[in-house]
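So the structure is just underneath, and the comments pick up after that.
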Amino acid sequence: MACLESQNFALRCVSQLYLSAHLSDIAIVIDDEKIPCHKTILAATSPFFEKCLFDEKHVGNELILDTSKQSFLPALKFMYTGELEFDNIDEDRLIEFFSLSQSLQIKPLVDMVEHRLNGIEISTKNVELIDPLNFSKFIRPTKLVSDEQYFTAQETKPFGIRHKPEILSTK
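Position in the sequence shown (first residue = 1) + 112 = the working numbering.
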C-alpha cells in the first residue's frame, strides 16, 4: 500500500507542473505563444523530445513547434498527467492530434487516439487533415469504401495517396 501511495504522490507532484513556470527550463513556442515546460518530463515521455532536447545540440531555452496549440496542449497534458480528455478534442482536430501523437512518438497516446479514431468516419470535411505519410495502422472509412475494400495497415498509405483527390471531389 505504501508503494501505491508513493506513486500517487510522485504523479501528483509532476501533474502540478503542467503549464506551470515553476522549475520550467524550456518553453515550447507555438504561434508566438510560449508554453512553459520541463525538459526532463518531455524527454521521459517522448522519444522525439528526448532526441530534440538531449541528443542533438539544442541551444537555448525555447523550442518552436509547427503545430496548433489545440492539438499540442492535450498531448502535453497527457505527458504530465497520463490523462487524455477526448471531450476537449473535436473530431476534425482528432486526425491532426493523431499525426502529432505519432510525431512525438508517445505510443500509449497513439494507441488511445487510434482506438478513438476507429469510430470516426472519414468525410470530405476531415480528409484534408490526413497526412498520408503518418496515416498508418488506421481506420476503415465505412462511408467511402465498401466492406469488400477493407484495407490493412500496409494498404493505408497507398489508399490515402491514391484516393485523396477522389475523396476531395466527392460531394
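Heads up, the beta-carbon is just placed ideally off N, CA and C, and yes, glycines get one too. Just so it is clear, the structure is predicted and the values come from calculations on it, not from any experiment.
- The three-state reading of DSSP puts Ile147 in strand, counting E and B together.
- Judged by DSSP secondary structure, Val171 falls outside any beta strand (DSSP E); it is assigned neither H nor E.
- The residues Gln217, in chain order, have a CB closer than 7 Å to that of Pro159 in the same chain once the five nearest residues on each side in sequence are set aside.
- With fewer than 16 other beta carbons inside 10 angstroms of its own, Phe198 counts as exposed.
- By the C-beta density criterion, Cys149 is buried, having at least 16 other C-beta atoms within 10 angstroms.
- Excluding its 5 nearest sequence neighbours in each direction, Ile201 has C-beta neighbours in its own chain below 7 Å: Pro186 and Phe209, listed in chain order.
- Contiguous alpha helix (DSSP H) elements confined to the region 179-223 occur at 181-193 and 203-216, taking only those with 4 or more residues.
- DSSP, reduced to helix, strand and coil, places Ala139 within a strand of the structure shown.
- Judged by DSSP in its simplified three-state form, Ile232 adopts coil rather than helix or strand.
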